[in-house]
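Below is one structure; the comments refer to it alone.
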Amino acid sequence: MSLTGVAKPGTHPEHEHPHAHEHPHPHERRPPIWRRHPRRIAGALLLLWLLSGVYIVPADQQAVVTRFGKVVEPRVMPGIHIAWPWPLERVTKLKVQQLQRLIIGGDISDGILGRTDPRISQFLTGDQNLIHMRVVVQYSVGEPAQYLFRAENVSKAVGAAVEAELAHRVANRGVDAVLTTEKAAIQEEVRAAAQKIIDAYGIGVLLASVNIESAQPPPEAADAFRDVAGARADAARIVNEAHGYANDVIPRARGEAQRLLAEAEAYRRRKINEALGDASRFSQVAREYQRARQITGRRLYLETMEKILPRIRKLVVDKSGNLDLTIIRKGAPPAKPPPKQ
Amino acid sequence: MERYKKYVPAALAALLALLLARTFFSVRETEFVLVTQFGKPVYTVTEPGLHVKWFFRSATYFDRRLRIYNPRPSEFLTRDKKNLVIECYVAWQIADPKTFVQTVGDPVAAEMRLHDIIWSSLAAAVGTHDMDALIAPSPQAVRTQDMLDEVTQLTDARALERYGIRVADVRIKRLNLPEQNKQSVYARMRAERERIARRYRAEGEEQALKIRADADRQKQEILSAAYKQAEEIKGQGDAEATRIYSNAYSRNPAFYKLLRTLEAYKKIFGDDKTTAILSSDSELLKVMMEGERAAR
């Protein structure tokens, strides 16, 4: 193009001069503009062509510049830049931060509809259990030049590497570890190991996350797995009930013990106080008794008799007569007649 | 002749353009170029960029990028005669375009050849390992990686020599069991789960019993300790009371005897079932019988 642009000016003066001599009617048959100012036009076109090399990389992107197919700028950061114009250099822009998703073990719609194709989602665990897994991988561009030129199908390569590591990690663990306790560890191990493989392939991908979205036992054995969870809950419930029993019984026993002690203490106090009271009373009466022995003794005797005798039946017998014991019956109260003779 | 003269520069320019176009060629990052002379390979250009060749030679482009090939899953027999369905993938790329074009030509054909090599070396490798070396519940026991490294090395050497292909990696994407074994596997899984469920329940029961028994033991301990202490306290009270009584009574034993006897009478003759036979001679009735004299 530039060659022909330079060639034109050489021919142009011979054509232009005859017109210049005549110029009778300035409006009639004016030659086209590229005939009148070929150098300027050519210069302008050249400039335009050169300016077409100016390009802008948006903030979320990076660019790779190739010259005749060879990478000359593997990573151009956001901003305004200049490259050699087409077809010498070529600029390819990439959204490096945008996360790309791929799914291992069925696609998204399968997850929503609850469908699982056993051959796609089935994995074999180390203890030879079959489980269904669906894993979401997210990655972004790490090295733009590598990403663009090293692999025929980047997502296929990433998927294969992650899946291989996943199968490997699942195959060296028991089913319980995969389904529950070591899920997070597997995710991280797979991510790190797959990243290593990807780095070895040099395809410029940065694995952002490997996420086990679902890991389930096969439907053929699902109820048995659920029963294990149920059994665990049952065991916890039984143990809790036992703790509840202990928490009920022991405080009660402590309370009962306190009651026993309090009662015993009360008994001790009562006994001592009663003894003190009795002793004091006795001592006081005894002092008076010492003062008038005969009289007090008699009085006490008579008082006692007064108290006793009114309540009981009495028979008075003469000291000289023989005692006929039948009078005991005869002396019975009239309300109760003697039963026989 | 004269009238064709004006076409001469154009023809020359066209010829020149054609020559330039056939002389310069660019090689992209994704390609190898094989320069051939009348169909016969002469040399390979692996360096990307602008290159020059003789105009009479032509350039053939080959994709040098890494490709992933997934052979169909197939069944392999381990050393301990167990069937495993293995799905692997192969990462490969063209390494030597000259050999490649002479032996296979295009990627699809290449993958068919690769399939044969990989299948045979994988079958051989799996056949020398027990199932436990590929699938085991502990990471230390699994030696899949070593096996695959071996397979990769072997296939890489063969493929490079025969087809000009570099095998970067052979990896197992999926391990599975043959369809016909799966029903028994499910049955085994169920049995295993049932066993585990039973164990959980029994262990829960065990722990609960232990807790209850311990609680009962503590209860007994607490109550018996309290009983012991309570009886001690009561004993102290009784002892103290006895000491106080005997202290007081021993100072007046005669009066105590009298008083206590009288008190005992009150209790002994407290009800109306008692019949007292009183002698008229008794001190109480003497006065009644004999008059005032007797009281003196």
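Taken in order, these protein sequences are the chains called A and B.
Using our numbering, the letters of the first sequence map in sequence onto residues -15 to 325.
Using our numbering, the letters of the second sequence map in sequence onto residues 551 to 846.
Cβ coordinates follow ideal geometry from the N, Cα and C atoms, glycine included.
This structure is a prediction, so every number in the text was calculated from the model and none was measured.
For A:Ala230 against B:Glu753, the beta-carbon gap comes to about 18 Å, at or over 8 Å, which does not count as contact. Out of B:Leu634, B:Leu809, B:Asp680, B:Ala718, the CA that lies nearest to the CA of A:Leu114 is found in B:Leu634.
Three or more Cβ pairs closer than 8 Å define a contact, and the stretch 706 to 720 of chain B falls short of that threshold against the stretch 679 to 690 of chain B. Using a CB distance cut-off of 8 Å, A:Leu35 does not count as an interface residue toward chain B. Close CB contacts of A:Glu197 within its chain, under the 6 Å cut and outside five residues either way in sequence, are with Arg118, Val120 (chain order).
Assigned with DSSP and collapsed to three states, A:Trp70 falls in coil, not helix or strand.
Within 10 angstroms of the beta-carbon of B:Lys823 lie fewer than 16 other beta-carbons, which makes it exposed. Distances from the CA of B:Gly589 to each of B:Ala659, B:Thr610, B:Asn620 were compared; the closest alpha carbon is that of B:Thr610. Contact between the stretch 178 to 192 of chain A and the stretch 758 to 772 of chain B is not established, with fewer than three Cβ pairs separated by less than 8 Å.
At a cut-off of 8 Å between C-beta atoms, B:Glu755 counts as an interface residue with respect to chain A. Per DSSP, the continuous beta strand (DSSP E) segment holding A:Pro58 begins and ends at 54 to 60. Residues of the stretch 154 to 181 of chain A with a Cβ closer than 9 Å to any Cβ of chain B, in chain order: Val154, Ala155, Asn156, Arg157, Gly158, Val159, Asp160, Ala161, Ile181. An exposed status is given to B:Glu781, since fewer than 16 other beta-carbon atoms sit within 10 Å of its beta-carbon.
Taking B:Arg767 as reference, the option from A:Val233, A:Val49, A:Ser267, A:Asp207 with the minimal CA-CA separation is A:Val233. The contact set of A:Ile234 on chain B, defined by CB atoms closer than 7 Å, consists of Ala765, Gln768, Lys769 in chain order. Boundaries for A:Leu293: no beta strand (DSSP E) harbours it, and the DSSP string shows neither H nor E there.
The Cβ-Cβ distance between B:Thr573 and B:Phe605 falls below 8 Å. Every unbroken stretch of the beta strand (DSSP E) spanning 3 or more residues and falling wholly within the stretch 177 to 211 of chain A is given here in chain order: 189 to 200. Using a 10 angstroms sphere on the CB of A:Asn156, the tally of other CB atoms reaches 16 or more, which defines it as buried. Contact with chain B is found for A:Asn137, since one of that chain's Cβ atoms lies less than 8 Å from the residue's Cβ.
At a cut-off of 8 Å, the C-beta of A:Ala215 has a neighbouring C-beta in chain B. Of A:Lys79, A:Ala144, A:Ala248, A:Lys255, the smallest CA-CA separation from A:Asp44 is found for A:Lys79. Taking 8 Å as the CB threshold, A:Asp44 stays off the interface with chain B. The alpha carbon of A:Gly188 has as its nearest neighbour, out of A:Leu108, A:Val154, A:Val142, the alpha carbon of A:Val142. A Cβ-Cβ distance of about 18 Å is found for the pair A:Gln122 and A:Arg153, leaving them out of contact under the 8 Å criterion.
Listed along the chain, the chain A residues whose CB falls inside 8 Å of the CB of B:Lys723 are Ala144, Glu147, Ala148, Ala151.
Scanning B:Asn620, B:Gln643, B:Val651, B:Ala814 for the CA closest to the CA of B:Ile636 turns up B:Asn620.
In the structure shown, A:Ile222 falls within a helical segment according to DSSP collapsed to helix, strand and coil. DSSP, reduced to helix, strand and coil, places A:Arg216 within a helical segment of the structure shown. In the structure shown, A:Trp18 adopts helical secondary structure according to DSSP, grouped into three states. Using a 10 angstroms sphere on the CB of B:Arg614, the tally of other CB atoms reaches 16 or more, which defines it as buried. Listed along chain A are Leu244, each with a C-beta nearer than 7 Å to that of B:Tyr777. Looking at the DSSP output, A:Val49 shares a beta bridge with A:Glu57, A:Val75. Annotated three-state conformation of A:Ala248 is helix, per DSSP. The beta carbon of B:Tyr639 lies closer than 7 Å to those of Ile618, Tyr619, Asn620, Arg721, Lys723 in the same chain, with the five residues before and after it left out.
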